[in-house]
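Let me begin by presenting the structure, written as structure tokens, before commenting on it.
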Amino acid sequence: MELRHLRYFSVLAEELHFGRAARRLSISQPPLSVAIRQLEESVGARLFERNSKEVRLTHAGEALRISARRLLLQAEEAALEARDVAAGSAGRLRIGFVGAMLYRGLPQALRAFQARHPAVRITLAELNSGVQIAELLHDRLDLGFVHTSRMPPELQHRLLLSEPFVCCLPSGHALARKRVLAPADLRSQPFVLFSREASPDYHERILSICADAGFLPEVRHEVRHWLAVVSLVSQGMGVALVPQAMRHSALRGAVFRPLDRAVAQSEAHGVWRSGPPNVLAERLLQGVAESLAAEAAS
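The sequence shown begins at 1 in the UniProt record's numbering and counts up by one.
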């Protein structure tokens with residue numbers, strides 16, 4: 001059963017006259033008659049009673065008339081939705097993000113994007129980098145914001161930000177009196193460390209900062225989210241090296257101090273599945289990139 005046949009049937013059901021229906025459809029009568037006969041063969045029932053004086057719907061035709069109208073409206077709505085999605089004015093976006101993106105301009109970019117695209121439905125999921133990559137590979141996310149550049153070939157990524165790590169300390173800690181710290185100052189301090197399972201890249205970068213300063217950290221706690229790291233530090237549970245953006249978390253009891261020399265950088269990447277471009281995802285990614293650039297320039 002073709003939509004074209006249903007459209008012809010629907011018009012003929014309104015006009016009950018082959019000539020008038022053909023004129024409305026901008027076709028001649030023979031193709032209309034052929035289409036109606038093919039539709040009847042597809043349905044397996046006569047849809048019209050016709051003689052030299054009149055054309056009228058059979059009971060089967062009456063039943064199909066209601067369903068055909070509904071199907072044609074649904075097809076029209078589907079086509080409109082597809083055009084809107086292709087144009088980037090409607091649709092759905094499934095976004096994954098690491099928690100630090102909440103302090104790197106993601107909320108502001110989302111607010112601006114939603115103001116420009118009010119018909120787009122956005123779902124957000126805070127996930128570590130590894131989980132986001134798996135979700136993208138299984139087509140359960142449209143766009144991710146991660147801390148790693150290690151990507152399978154099915155994914156593409158864009159570096160959005162590179163920033164230094166800073167030291168996070170309990171506000172009453174003796175080292176908090178210093179304005180700048182050397183990584184070696186953290187020797188023998190209990191560490192709250194980002195979990196290797198959550199982000200192998202970040203775990204290894206923090207260990208490398210300590211190793212370059214001549215020590216291995218005394219790890220007391222491992223957690224999966226940066227806000228949890230800062231929260232534990234604020235409660236006096238240890239010290240930590242965290243991305244500079246976490247200074248904006250503003251948790252009472254935690255202070256942040258820069259390191260006195262360049263060390264491994266914290267990076268944020270936008271990542272998406274290779275293939276036909278998703279217009280909405282591209283626009284949001286560009287908005288986040290612009291938000292981060294504006295913040296860096298301020």
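Cβ coordinates follow ideal geometry from the N, Cα and C atoms, glycine included.
The stretch 130-148 touching the stretch 95-103, judged by at least three CB pairs closer than 8 Å: Cβ pair count under 8 Å is three or more, so yes.
Restricting to Cα atoms, I'd like to know which of Ala174, Gln235 and Gln189 is closest to Glu218. For the residues Ala174, Gln235 and Gln189, the minimum Cα distance to Glu218 belongs to Gln189.
Pick helix, strand or coil for residue 347, following the three-state DSSP scheme. Residue 347 falls outside the range modelled here, since the chain spans only 1 to 298, and no answer is possible.
Residues bridged to Gly96 [DSSP beta-bridge criterion]: Listed as beta-bridge partners of Gly96 by DSSP are Ala125 and Gly144.
Select from Asp212, Leu216, Arg179 and Ala174 the residue whose C-alpha is nearest the C-alpha of Val192. Per the Cα distances, Leu216.
What residue range is occupied by the uninterrupted alpha helix (DSSP H) comprising Arg37? Boundaries of the alpha helix (DSSP H) around Arg37: Gln29 to Val43.
Of the residues Arg179, Gly236, Cys168 and Ile66, the one placed nearest Ile206, counting alpha carbons only: Selected option, being the one with the closest Cα: Cys168.
If you scan the stretch 155-216 from start to end, which runs of the alpha helix (DSSP H) of 4 or more residues do you find wholly inside it? Counting whole runs of 4 or more residues, the stretch 155-216 contains the alpha helix (DSSP H) stretches 200-212.
Throw me the rounded Cβ distance for the Val239 and Val230 pair, which I believe falls under 8 Å. Between Val239 and Val230 the beta-carbon gap is near 11 Å, outside 8 Å, which marks them as no contact.
Would you tell me roughly how many angstroms separate the C-alpha atoms of Val55 and Arg70, rounded to the nearest one? Taking the straight line from one Cα to the other gives about 23 Å.
Glu15: first and last residue of the uninterrupted alpha helix (DSSP H) it sits in: Unbroken alpha helix (DSSP H) run through Glu15: Leu3 to Glu15.
What is the DSSP secondary structure of Leu47, counted as helix, strand or coil? DSSP places Leu47 in coil when its eight states are reduced to three.
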